[in-house]
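Let me begin by presenting the structure, written as structure tokens, before commenting on it.
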Amino acid sequence: MVNRLNTGIDVLDRKLGGGIPEGSIVALSAQPASQAELFLYELTATRGTLYLSLDRTAQSVTASIEQSPTDTGDPTVRHISGEAPLDNASKLVSALPETSNLIVDPLDVLEAQEPPSRYRSFMNDLQNHIVNTGSLAIVHCLDGRSVPPLRDTTEHFADVIFELKTTTDSDEVENRLAIPKFRGGRAPTDIIKLDLVEQVSIDTSRDIA
Numbered sequence: 009m010v011n012r013l014n015t016g017i018d019v020l021d022r023k024l025g026g027g028i029p030e031g032s033i034v035a036l037s038a039q040p041a042s043q044a045e046l047f048l049y050e051l052t053a054t055r056g057t058l059y060l061s062l063d064r065t066a067q068s069v070t071a072s073i074e075q076s077p078t079d080t081g082d083p084t085v086r087h088i089s090g091e092a093p094l095d096n097a098s099k100l101v102s103a104l105p106e107t108s109n110l111i112v113d114p115l116d117v118l119e120a121q122e123p124p125s126r127y128r129s130f131m132n133d134l135q136n137h138i139v140n141t142g143s144l145a146i147v148h149c150l151d152g153r154s155v156p157p158l159r160d161t162t163e164h165f166a167d168v169i170f171e172l173k174t175t176t177d178s179d180e181v182e183n184r185l186a187i188p189k190f191r192g193g194r195a196p197t198d199i200i201k202l203d204l205v206e207q208v209s210i211d212t213s214r215d216i217a
């Protein structure tokens, strides 16, 4: 039986049969104006984590994690900059130790690199290394006004897809999580309502619909 790695969100892990299979790539798709980063921050508490930031500086990400009201770990944060982000990211990924977390935030910068074959090569190498180390990769995919053309490729590579939708309704901000893809397990068929205020928790005050 494949070992499961927990996400740090107990109720979600139970819905996923104990967590996410080791060696998986998880695509977290969410709007830029959402609290999706709380997923990433809580994940750092589960095991050693390498956090690759493609936009914000390492200092900014570290400060946000330290100020998070939820429990977090002590991740290694690296800012990927320069004209060769795929090469720079590949070097750091290749050094990921056994049973670790890798967070790429956001993946959009790498999806926009040319030619597309280089991105596919990166994803193949990433998948191989995550499987070989029994680790877990979470790639944050911004679902905003401009989605990179290689997003279909990303979702095809991904073993698990989390789709977080944030809406405002009746003077409330609502967050709903769908898991349409789950290789190696049974994906929940229902939409999960989440509270994303100070930490990630499943909203049990209303019916899950």
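Residue numbering for the sequence shown is 9 to 217, as defined by this note's numbering.
Ideal Cβ placement from N, Cα and C applies to all residues, glycine included.
Note that the coordinates shown come from a computational prediction; the quantities given were computed from them, not determined experimentally.
Please state if the CB of Thr174 and the CB of Asn183 are separated by a distance shorter than 7 Å.
-> yes
Just to confirm, are Val19 and Ile146 a CB contact at a threshold of 7 Å?
-> no
Straight-line CA distance for Val112 to Lys23?
-> 24 Å
Within 10 angstroms of its Cβ, does His148 collect 16 or more other Cβ (buried), or is it exposed?
-> buried
By DSSP, does Ser6 sit in helix, in strand, or in coil?
-> Here the chain has residues from 9 to 217 only, and residue 6 is not among them.
Boundaries of the beta strand (DSSP E) in which Ile146 is found, first to last residue = 144-150
Give the straight-line distance between the Cα atoms of Gln67 and Ser108, rounded to the nearest whole angstrom.
-> 22 Å
Proximity to Thr78 [Cα-Cα], best of Leu51, Leu58, Asp95, Ala97 | Leu51
If you drop the 5 nearest sequence neighbours on each side, which residues of the same chain put their C-beta closer than 6 Å to that of Gln43?
-> Leu204
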